[in-house]
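S.K.:
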Amino acid sequence: ETGPDIKEPEKDPEKEPGKDNPSPTDEIFIEQIQKGGEVRLTAPVTITDNSNNINLEKNVTLDLNGQTLDLSAISLWVPEGVSLTVKDSEGGSEIQSSVSIIYNQGGIVRIEGGALSISDSDSSSCALHQQSGEMTITGGTFTGTANSAALAAMGGTIRIEDGIFEGPVAIRAFSKAKITMTGGELRGSVVQKGSSEMCLRLHSCEKIQATGIHLWLVFFALSYADAVDNFESMCTISSQAIGKIMAAHAL
30 ETGPDIKEPE KDPEKEPGKD NPSPTDEIFI EQIQKGGEVR LTAPVTITDN SNNINLEKNV
90 TLDLNGQTLD LSAISLWVPE GVSLTVKDSE GGSEIQSSVS IIYNQGGIVR IEGGALSISD
150 SDSSSCALHQ QSGEMTITGG TFTGTANSAA LAAMGGTIRI EDGIFEGPVA IRAFSKAKIT
210 MTGGELRGSV VQKGSSEMCL RLHSCEKIQA TGIHLWLVFF ALSYADAVDN FESMCTISSQ
270 AIGKIMAAHA L
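Remember, my numbering sits 29 above the position in the sequence shown when you count from 1.
1) Tell me the residue span of the beta strand (DSSP E) that contains GLU214.
2) Pull up the distance between the alpha-carbon of ARG188 and that of GLU163, whole angstroms please.
3) In terms of residues, what are the limits of the beta strand (DSSP E) holding ILE208?
4) Roughly how many whole angstroms lie between the Cα atoms of VAL68 and GLY223?
5) On a CA-only basis, which of SER153, SER161, GLY135, GLU119 is nearest ALA144? Give me that one, please.
6) Taking 8 Å as the limit between beta carbons, can you name the residues of its chain near GLY196, skipping five residues before and five after?
7) What does the alpha-carbon distance come out to for the pair VAL111 and THR186?
8) What residues in its chain sit with their C-beta under 6 Å from that of SER101, if we drop five residues either side in the sequence?
9) How close, in whole Å, do the beta carbons of PRO108 and GLY136 come, if the pair is a contact with beta carbons under 8 Å?
10) I need the DSSP call for LYS64, collapsed to helix, strand or coil.
11) Given a threshold of 16 other Cβ atoms within 10 Å of its Cβ, counted over all protein chains shown, does GLY184 qualify as buried or as exposed?
12) Measure the C-alpha to C-alpha separation of GLU86 and ILE208 and round it to an integer number of angstroms.
13) Determine, using beta carbons only, whether SER129 and SER104 come nearer to each other than 8 Å.
14) Mind checking GLU141: buried by the 16 CB within 10 Å criterion, or exposed?
15) My guess is that THR90 and THR114 are in contact by the Cβ rule of under 8 Å, so how many angstroms apart are they, rounded?
16) Under the DSSP definition of a beta bridge, which residues are partnered with LYS116?
17) Measuring only the C-alpha atoms, how far is VAL198 from THR54?
18) In terms of residue numbering, what span does the beta strand (DSSP E) encompassing VAL107 cover?
19) Label GLY121 either buried or exposed according to how many other C-beta atoms from any shown protein chain fall within 10 Å of its C-beta, with 16 as the threshold for buried.
20) Consult DSSP for ILE76 and reduce its assignment to one of helix, strand or coil.
21) Taking the beta strand (DSSP E) that PHE194 belongs to, which residues open and close that run?
22) Per the DSSP calculation, SER146 is bridged to which residue(s)?
23) Roughly how many angstroms separate the alpha carbons of ALA206 and GLN134, rounded to a whole number?
24) Less than 6 Å between C-beta atoms, sequence neighbours within five positions excluded: which residues of the same chain meet that for VAL74?
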């Protein structure tokens with residue numbers, strides 16, 4: 030069942046948007062997304078009350094519908110037992126924030142489209158952050174900053190089927206995170222630490238560009254020969270990086 034559209038409200042003369050009270054658009058968006066169901070934007074939304082993150086309470090599908098959602102300095106938090114799906118039925122939509130846009134705290138996240146980026150170039154936050162739970166990405170563009178990554182995972186499982194991840198560091202995997210990538214494009218390095226696992230099935234990826242990727246920390250599902258063949262034919266990497274694959278395989 031499709032929920033109510035979020036439309037540009039009529040101005041309330043008793044409220045002054047952006048000062049002591051949040052604008053009517055803020056209120057409508059937060060109210061509807063907390064109700065769950067499907068929420069479709071039909072106008073740009075800017076959050077002006079940065080006092081609290083939006084901690085989702087029910088399963089929700091957010092259709093950006095070609096619009097821009099400016100979260101300013103808050104995140105969409107997805108707790109355990111709650112699911113969030115983000116899609117863009119019209120194309121060209123954006124979500125931006127100076128902190129992590131989606132913060133998964135044990136829920137189920139699915140991203141099908143939209144451009145998610147950190148608006149503050151000095152921020153150390155990532156466009157997507159997963160502490161635990163599950164995340165599936167089938168489309169979209171995710172941009173970090175010089176101090177962060179497009180995607181960072183501390184735990185849980187992440188499956189990437191498509192999408193563009195860009196920044197000096199495209200993906201960071203820490204602790205017990207498990208990331209499988211079967212499609213998409215990396216426009217930056219990949220860093221893996223701790224006991225995290227990362228599987229890049231490169232034979233399924235049509236557009237992967239990874240410069241300076243920390244390959245010796247990546248676990249491949251492919252055989253060594255297949256991994257080298259696919260990297261040489263499908264990736265932009267240095268001969269030094271290929272040497273590190275050889276060294277890793279020999280261990």
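All residues carry an ideal CB built from backbone N, CA and C; glycine is no exception. Note that the structure is predicted; figures quoted are calculated from it, not measured.
M.R.: On the basis of the supplied data:
1) Here the beta strand (DSSP E) through GLU214 covers 214-221.
2) 8 Å
3) Per DSSP, the unbroken beta strand (DSSP E) holding ILE208 starts and ends at 207-210.
4) 38 Å
5) GLU119
6) THR172, GLY173, THR174, ALA175, SER177, ALA178, ALA179, ARG216, GLY217
7) 16 Å
8) ILE76, ASN79
9) Yes, they are in contact, since the Cβ atoms of PRO108 and GLY136 sit about 6 Å apart, within 8 Å.
10) helix
11) buried
12) Each residue's Cα considered, the two are about 26 Å apart.
13) yes
14) Under this definition GLU141 is a buried residue.
15) 4 Å
16) ASP92
17) 34 Å
18) 105-108
19) exposed
20) coil
21) 193-202
22) GLN125, THR172
23) 13 Å
24) THR54, PHE58, LEU98
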